[in-house]
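Below is one structure, written out as structure tokens; comments come after it.
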Amino acid sequence: MRTGIAQARRGIVRGGRSAAAGTVWLFDLDNTLHDASRAIFAAIDRSMTEAVMQSLDLDREAATRLRTRYWKRYGATAIGMERHHGVDIDAFLTLSHSFEIAPLVHGETGLARRLARLPGRKIVLTNAPLPYACTVLRTLGILRQFDRVWAINHMRLQGRVRPKPSLALMRQVLAQLRVPAARAVLVEDTLGNLRTARQAGMRTVHVYHPGTPFSGKHSGRSHHVGLRVNSVSELLLGRRPLRR
Numbered sequence: 001m002r003t004g005i006a007q008a009r010r011g012i013v014r015g016g017r018s019a020a021a022g023t024v025w026l027f028d029l030d031n032t033l034h035d036a037s038r039a040i041f042a043a044i045d046r047s048m049t050e051a052v053m054q055s056l057d058l059d060r061e062a063a064t065r066l067r068t069r070y071w072k073r074y075g076a077t078a079i080g081m082e083r084h085h086g087v088d089i090d091a092f093l094t095l096s097h098s099f100e101i102a103p104l105v106h107g108e109t110g111l112a113r114r115l116a117r118l119p120g121r122k123i124v125l126t127n128a129p130l131p132y133a134c135t136v137l138r139t140l141g142i143l144r145q146f147d148r149v150w151a152i153n154h155m156r157l158q159g160r161v162r163p164k165p166s167l168a169l170m171r172q173v174l175a176q177l178r179v180p181a182a183r184a185v186l187v188e189d190t191l192g193n194l195r196t197a198r199q200a201g202m203r204t205v206h207v208y209h210p211g212t213p214f215s216g217k218h219s220g221r222s223h224h225v226g227l228r229v230n231s232v233s234e235l236l237l238g239r240r241p242l243r244r
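Residue numbers for the sequence shown, in UniProt numbering: 1 to 244.
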């Protein structure tokens, strides 16, 4: 292992390699592990709007307004569809992601190799549906690098779906994984999700992506960000330590 990687990992978790092996890395998916803004987000928007149109018998303009409002309010259009219209969330997620995913996936070269060298447990934590997430990860060639894919299908608390940035979700994740918050790191492109992870006691890595909504409003590092990088590979190369 190269010196730079070893030194940075000692900085990430004090105590060296043995302590680093006890870290749980929670990786977001879209605009974190792959470039979703390049093609996939546009396809999702189209497919999501069509799913709203079909589910509620709306025209495109009305469906687009509703989709956008629910996404801003709940973090996922599907939640608004379930809560306000009684639409089955799993059926809606299947309908809204019914396009060919693999040709639209764009990832970083060598990502699987770099992930394999990262000590600790690695889990995907995404507001996307499970079949979509697994297809993206399989296309990237990194599905086998993760111990678990925690998708929106698994984010139900007290009978309601509560995706990121829910603080209750963050605490549920820690409890189910049986990991102290100080040993969990959320790697994510959305600052709102990092904020609640920090509130839960996790450490945080902001993967800055210009295509992430509202990213242009944050030019510097926020107090709830332990490390800011421009790509997952920059994190995995381990050239800069992650503050507590």
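For glycine and all other residues, C-beta sits at the position ideal for the given N, C-alpha and C.
Which residues DSSP lists as bridging residue i, in chain order
i: histidine 34; result: Asp30
i: residue 246; result: What the structure shows of the chain is the stretch from 1 to 244, and residue 246 is not part of that stretch, so it cannot be assessed.
i: arginine 148; result: Ile123
Start-to-end residues for the alpha helix (DSSP H) that takes in residue i
i: valine 179; result: No alpha helix (DSSP H) contains valine 179, which DSSP labels as neither H nor E.
i: leucine 235; result: 232-236
i: valine 87; result: Neither: valine 87 is in no alpha helix (DSSP H) and is coded neither H nor E.
i: arginine 73; result: 60-74
i: isoleucine 44; result: 40-56
i: lysine 114; result: Looking at the sequence shown, residue 114 is not lysine but arginine. Residues 111-116.
i: alanine 128; result: It is not in any alpha helix (DSSP H) - alanine 128 carries neither H nor E in the DSSP assignment.
Residue i versus residue j - alpha carbon distance
i: glutamine 158; j: histidine 206; result: 30 angstroms
i: leucine 125; j: methionine 53; result: 29 angstroms
i: leucine 143; j: valine 179; result: 22 angstroms
i: leucine 164; j: glutamine 176; result: In the sequence as presented, leucine is not what sits at residue 164; that position holds lysine. C-alpha separation (whole angstroms): 16 angstroms.
i: glycine 238; j: serine 37; result: 25 angstroms
i: threonine 190; j: histidine 85; result: 28 angstroms
i: arginine 121; j: alanine 76; result: 27 angstroms
i: glycine 141; j: alanine 112; result: 7 angstroms
i: glycine 110; j: serine 233; result: 8 angstroms
i: alanine 62; j: threonine 49; result: 9 angstroms
i: leucine 242; j: isoleucine 123; result: 18 angstroms
i: histidine 188; j: asparagine 127; result: For clarity, residue 188 is glutamate in the given sequence; the question names histidine instead. C-alpha separation (whole angstroms): 12 angstroms.
i: histidine 154; j: aspartate 28; result: 15 angstroms
CB-CB length for residue i against residue j, believed under 8 angstroms
i: methionine 202; j: valine 185; result: 6 angstroms
i: leucine 118; j: leucine 236; result: 6 angstroms
i: phenylalanine 92; j: alanine 39; result: Wrong, their Cβ atoms sit about 22 angstroms apart, outside the cutoff.
Enclosing beta strand (DSSP E) for residue i [first to last residue]
i: leucine 227; result: 227-229
Inset, instruction - Taking only runs that begin and end inside the region 151-209, name each unbroken beta strand (DSSP E) of 3 or more residues, in chain order. - result: Runs of the beta strand (DSSP E) inside the region 151-209: 184-188, 203-207.
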